[in-house]
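Numbering (my numbering), first residue to last: 50 to 197. Just so you know, even glycine gets a beta-carbon here, dropped at the ideal spot from N, CA and C.
Rendered as structure tokens:
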């Protein structure tokens, strides 16, 4: 059964919000803010919680990287008919801190959607300040395994 990109995105978000699975991805609890199928872009929000802070009381860089990776990674999945694959390269530049109680807003888009490799980019913002927190780009292997 072929699924639409919107259906695959909804499934992706639902799986990342499961309460019966205790993984970093499910603890991130993303919410969908916007989706543009024509532009092959998505915007997700990730709440910043106390457990995600570094010793300076700012969000840990690994959490920012996870939010960026997860958001960019959903794009090849939803635009490749549910064919999931791993991140094979990611470059991230940290720009500014964000604190607990804020929310990371991650805007990601497809640069290239290939049969074997896809490339994406994103910008991570602070919801409260509007400042850019980080920028990233990544490549994903598109596997032959479908979500069905």
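To the nearest angstrom, how far is the alpha carbon of residue 167 from that of residue 189? 5 Å
With distances taken between CB atoms, is the gap from residue 95 to residue 153 smaller than 7 Å? yes
Does at least one heavy atom of the ligand ATP sit under 6 Å from the Cβ of residue 55? In the structure on display, the ligand ATP does not appear, and there are no ligands present to speak of.
Margin query: Considering only the alpha carbon of each residue, which of 53, 108, 51, 83 lies closest to residue 175?
Written below: 108
* **Distance between residue 185 and residue 43 (C-alpha atoms, nearest Å)** => The structure shown does not extend to residue 43, since the chain is modelled only from 50 to 197, so the question has no answer here.
- Item | residue 92 in three-state terms, based on DSSP | strand
### Query
With residue 121 and residue 183 assumed to form a contact (beta carbons below 8 Å), what rounded beta-carbon distance in angstroms separates them?
About 12 Å separates the two Cβ atoms, so there is no contact after all.
Same chain, Cβ closer than 7 Å to residue 160, five either side skipped, listed in chain order: 168, 169, 170
What do you reckon, are the CB atoms on residue 145 and residue 180 nearer than 7 Å?
-> yes
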